[in-house]
Every structure is written in C-alpha cells, then in structure tokens.
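Undergrad: Heads up, the sequence shown is in the numbering used here, so the first residue is 2 and it goes up one at a time.
Please read through the structure below; I'll follow up with questions.
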Amino acid sequence: MPNLDNLTPIYLKNKGKWVAIDPKRKSVVVSTSSAKAAYKKSKDLGVEHPILFKVPKKVRAYIG
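Now the structure itself:
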C-alpha cells in the first residue's frame with residue numbers, strides 16, 4: 002500500500018473532520034468530528050501513536 006503523500010482523496014471524503022492516520026502513513030484509521038474522539042478511537046484500534054490532523058472544509062490558497 003502506498004504512502005498517503007497525496008491527501009486529495011482524504012480531503013474529498015473527510016471535509017471538516019479530524020482524521021487519524023497510522024504512523025507509517027499507510028492508511029486512515031478513523032475520521033470524526035473531534036480530535037479527542039479520533040485519538041481515542043485510533044488508540045482503541047491499537048494504533049500507538051496516531052497522526053491527527055484537521056481536514057479543511059475548503060481548500061484556500063496561502064501566500065506568506
């Protein structure tokens with residue numbers, strides 16, 4: 002399974018949600034409406050150190 006270097010499919014499926022990814026960046030473990038719930042659910046599934054991030058509702062340009 003390839004790394005999740007392209008986050009476009011995750012964005013399209015999980016807009017506005019918190020996503021937990023396994024530490025080797027192989028798959029999305031869970032997606033929920035809160036970071037706390039995503040962390041707890043991923044720990045319950047046996048992922049020791051999940052990577053959490055908030056998927057934006059809209060993609061916007063950033064210049065800075």
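Virtual Cβ for every residue (Gly too), placed ideally from N, Cα, C.
Please classify Lys-59: does DSSP put it in a helix, a strand, or coil?
TA: Translated into positions along the sequence shown, residue 59 becomes position 58. Note: Lys-59 maps to coil in three-state DSSP.
Undergrad: Between which two residues does the alpha helix (DSSP H) containing Ile-11 stretch?
TA: The count along the sequence shown starts at 1 and reaches residue 11 at position 10. First-last of the alpha helix (DSSP H) with Ile-11: 9-14.
Undergrad: Let me know if Pro-51 comes out buried or exposed under the rule of 16 or more other beta-carbons within 10 Å of its beta-carbon.
TA: Residue 51 sits at position 50 when you count from the first residue of the sequence shown. When all chains shown are included, Pro-51 counts as buried.
Undergrad: Going by C-alpha to C-alpha distance, which of Pro-24, Phe-54, Lys-41 and Leu-5 sits closest to Lys-16?
TA: Residue mapping note: residue 16 aligns to position 15 of the sequence shown, counting from 1. Looking at the Cα atoms, Phe-54 is the closest of the given residues.
Undergrad: Can you check which of these residues, Val-31, Lys-18, Ile-11 and Tyr-12, is closest to Leu-46 by C-alpha distance?
TA: Taking the sequence shown and counting its residues from 1, the one referred to as residue 46 is at position 45. Considering only alpha carbons, the answer is Val-31.
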